Amino acid sequence: MIEPAPDVDQSVEQETAQNPRSDNVPARGRPFWNARNVSGSQRTTRDTIARSEAKAPARAYAIRAREEASSPDVITGTFALYDTSVFALIDPGSTHSYICMNLVFSKTLPVESTEVVIKVSNPLGKTVLVDKVCKNYPLMFRDICFPANLMLLPFDEFDIILGMDWLTLHDAIVNCKRKIIDLEGQNNEIVRIESSELNRLSAMISVLKAQS
294 MIEPAPDVDQ
304 SVEQETAQNP
314 RSDNVPARGR
324 PFWNARNVSG
334 SQRTTRDTIA
344 RSEAKAPARA
354 YAIRAREEAS
364 SPDVITGTFA
374 LYDTSVFALI
384 DPGSTHSYIC
394 MNLVFSKTLP
404 VESTEVVIKV
414 SNPLGKTVLV
424 DKVCKNYPLM
434 FRDICFPANL
444 MLLPFDEFDI
454 ILGMDWLTLH
464 DAIVNCKRKI
474 IDLEGQNNEI
484 VRIESSELNR
494 LSAMISVLKA
504 QS
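Just so you know, we're using my numbering here: the sequence shown kicks off at 294 and counts up by one.
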């Protein structure tokens with residue numbers, strides 16, 4: 294289930310045991326989530342997960358606004374993943390990259406645990422704990438492979454969200470005005486991705502920042 298979320302500022306800070314704190318100061322512009330690393334002993338992590346799951350089911354937040362979909366630093370594109378076409382949101386404002394959990398489960402894709410648990414929350418107290426990753430997934434564009442490490446996150450508007458980690462890995466040059474991205478392939482070839490038609494977008498996923 295996807296619920297509308299207000300615009301909020303993003304911050305990353307280490308979670309304290311027993312009583313994590315949420316930022317609640319709204320900011321102008323596109324929406325942001327807060328992302329926190331859950332640290333401490335394995336017991337603390339398990340306790341935190343148990344409390345969070347009991348408090349609120351994991352969910353993603355979306356802004357159903359056409360003008361947000363036209364944001365100048367958001368680009369969309371279609372890739373191939375294991376012979377399946379996937380619709381991707383390419384967002385330089387996101388520090389990490391993500392994949393829709395339903396896509397992973399439906400395709401029975403291999404999944405690994407992350408080194409840290411990242412807690413994503415908004416000021417309303419809704420939280421998502423991200424602790425699974427799909428490593429080195431072969432995203433194909435024009436028969437050229439652009440591998441990605443994709444963390445599992447529950448959202449439905451897109452199949453994949455590609456952030457700065459993926460853009461940096463492939464030496465991307467982003468032209469926000471023209472909504473164009475140039476990527477460097479494994480054989481040093483330059484591939485250009487032009488944004489897909491925006492009328493395919495039904496919602497805009499909030500930008501996510503996190504730190505390891």
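Cβ coordinates follow ideal geometry from the N, Cα and C atoms, glycine included. Source: prediction; values computed, not measured.
Which of helix, strand or coil does DSSP assign to residue i?
i	result
L432	strand
A458	Checking the sequence shown, residue 458 turns out to be Asp, not Ala. Here D458 sits in helix by DSSP.
V426	strand
L445	strand
V404	coil
S387	coil
F439	strand
F380	strand
R336	The predicted position of R336 is uncertain, since its pLDDT is 40 and thus under 50; a value taken from the coordinates is nonetheless stated next. In the structure shown, R336 sits in a helix (DSSP, three-state: H, G or I).
Can you check whether the CB of residue j is closer than 8 Å to the CB of residue i?
i	j	result
F398	D452	no
G370	I473	no
L446	V421	yes
M444	S390	yes
T388	D464	no
T407	D424	yes
D449	C393	yes
C438	V404	no
Y430	L476	no
Pick from the options: whose alpha carbon is nearest that of residue i?
i	options	result
S378	T388, I368, P385, L396	L396
K470	L374, D376, K428, S488	S488
F372	A441, N480, V467	A441
I466	V484, L374, Y430	V484
L462	Q479, K412, I411	Q479
G386	N481, E482, I454	I454
Starting from residue i, trace the beta strand (DSSP E) in both directions and tell me its first and last residue.
i	result
N468	466-468
F372	368-374
E477	473-477
E482	Per DSSP, E482 belongs to no beta strand (DSSP E) and is neither H nor E.
Whole-angstrom Cβ separation of residue i and residue j, contact assumed at under 8 Å?
i	j	result
V367	D384	6 Å
For the ligand MG, any of its heavy atoms closer than 7 Å to the Cβ of residue i?
i	result
M433	Absent from the structure shown: the ligand MG. Ligands present: none.
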